[in-house]
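Residue numbers (the working numbering), protein chains in the order written: chain A, 1 to 111; chain B, 112 to 225. Yeah, the Cβ is synthetic: ideal placement off N, Cα and C, and Gly gets one too.
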Amino acid sequence: LAKTTQPISMDSYEGQEVNITCSHNNIATNDYITWYQQFPSQGPRFIIQGYKTKVTNEVASLFIPADRKSSTLSLPRVSLSDTAVYYCLVGDTNSGYALNFGKGTSLLVTP
Amino acid sequence: GAGVSQTPSNKVTEKGKYVELRCDPISGHTALYWYRQSLGQGPEFLIYFQGTGAADDSGLPNDRFFAVRPEGSVSTLKIQRTERGDSAVYLCASSPNAGPYEQYFGPGTRLTVT
Chain A
1 LAKTTQPISM DSYEGQEVNI TCSHNNIATN DYITWYQQFP SQGPRFIIQG
51 YKTKVTNEVA SLFIPADRKS STLSLPRVSL SDTAVYYCLV GDTNSGYALN
101 FGKGTSLLVT P
Chain B
112 GAGVSQTPSN KVTEKGKYVE LRCDPISGHT ALYWYRQSLG QGPEFLIYFQ
162 GTGAADDSGL PNDRFFAVRP EGSVSTLKIQ RTERGDSAVY LCASSPNAGP
212 YEQYFGPGTR LTVT
């Protein structure tokens, strides 16, 4: 399984854009990059998934450079309710069902 | 529609006792997963079902842990001779298909072994 490295924690003020970068230097050709969000006392929630370039949905954008050795989750104009742990995961179509969460990035948004 | 549900939400048991944790996946989802999350850590994979069969149980920590999904819907995680180290939140997830795709998680069962 490709190992991921992301910051342990980040702080932001409301209304700012937050970018969380994840390193996955040994990502394999068949690996997808997926981000999950987890609030306290809840299960993780899927945010976004990509393979290369840029993916955008109503919640976030995911930027993946050409070498795919890193990815950046971008949250536009965060609010207090975006305070959560964000996990970067890498997995392929064969074994990627066994999500490998790591410790994630704890994001704290303050007024 | 209804999401993944898990019961009980909390379970306190004494060391050495047997416990069962239940998961009701989203209707129609053929893939079901169990994870365990310790305090301050991300969820760790335990087992994956495709239909009724356990397709991958490589994450089960030892033979005290067992899971079933007899009719391809509801699943039960069973833990024998519980130990204090089994204390964690046990999460269940389901998805329409297996793979690195979106998994829908339940709220979890918090197990405390005293």
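Considering only their Cβ atoms, is the gap separating residue j from residue i smaller than 7 Å?
| i | j | result |
| --- | --- | --- |
| LEU108 of chain A | THR83 of chain A | yes |
| LYS122 of chain B | VAL224 of chain B | no |
| LEU64 of chain B | PHE160 of chain B | With chain B covering 112 to 225 only, the question about residue 64 of chain B has no answer from this structure. |
| SER74 of chain A | SER61 of chain A | yes |
| GLN37 of chain A | ILE47 of chain A | yes |
| THR124 of chain B | THR193 of chain B | yes |
| TYR201 of chain B | LEU171 of chain B | no |
| LYS103 of chain A | GLY162 of chain B | no |
| ALA199 of chain B | TYR215 of chain B | no |
| ALA209 of chain B | TYR97 of chain A | yes |
| ILE27 of chain A | THR105 of chain A | no |
Is it right to say residue i is buried, meaning 16 or more other beta carbons lie within 10 angstroms of its own, or is it exposed?
| i | result |
| --- | --- |
| ARG147 of chain B | buried |
| ASP174 of chain B | exposed |
| THR34 of chain A | buried |
| ASN25 of chain A | exposed |
| GLN6 of chain A | buried |
| THR56 of chain A | exposed |
| GLU99 of chain B | In the structure as shown, chain B begins at 112 and stops at 225. Residue 99 of chain B is therefore absent and cannot be evaluated. |
| GLY164 of chain B | exposed |
| PRO181 of chain B | exposed |
| ASN100 of chain A | buried |
| THR4 of chain A | buried |
Would a check of beta-carbon distances place residue i closer than 7 Å to chain A?
| i | result |
| --- | --- |
| PRO154 of chain B | yes |
| GLY217 of chain B | yes |
| ALA209 of chain B | yes |
| GLU182 of chain B | no |
| TYR129 of chain B | no |
| GLU125 of chain B | no |
Is the Cβ of residue i closer than 7 Å to any Cβ of chain B?
| i | result |
| --- | --- |
| GLY102 of chain A | yes |
| TYR87 of chain A | yes |
| TYR97 of chain A | yes |
Check the C-beta distance from residue i over to residue j and give it rounded, since I have them as a contact under 8 Å.
| i | j | result |
| --- | --- | --- |
| PRO207 of chain B | GLY139 of chain B | 7 Å |
| VAL90 of chain A | ASP31 of chain A | 5 Å |
| GLY217 of chain B | SER116 of chain B | 6 Å |
| ALA178 of chain B | TRP145 of chain B | 6 Å |
| GLU14 of chain A | LEU80 of chain A | 6 Å |
When you compare the CB of residue i with every CB in chain E, is at least one pair closer than 7 Å?
| i | result |
| --- | --- |
| SER116 of chain B | Structure shown: chain E not included; protein chains present are A and B. |
ask   = Between the segment 35-47 of chain A and chain B, which residues of the former have CB atoms less than 9 Å from a CB of the latter, in chain order?
value = TYR36, GLN38, SER41, GLN42, GLY43, PRO44, ARG45 and PHE46
key: Within 9 Å of chain A by C-beta, residues of the segment 165-176 of chain B in sequence order   = Using a CB distance below 9 Å, the part of the segment 165-176 of chain B facing chain A consists of ALA166, ASP167, SER169 and GLY170, ordered along the chain.
query = What are the residues of the segment 189-204 of chain B that lie near chain A, defined by any Cβ-Cβ distance shorter than 9 Å?
reply = VAL200, LEU202, CYS203 and ALA204
key: Interface residues of the segment 138-154 of chain B facing chain A [CB-CB below 9 Å]   = ALA142, TYR144, TYR146, GLN148, GLY151, GLN152, GLY153 and PRO154
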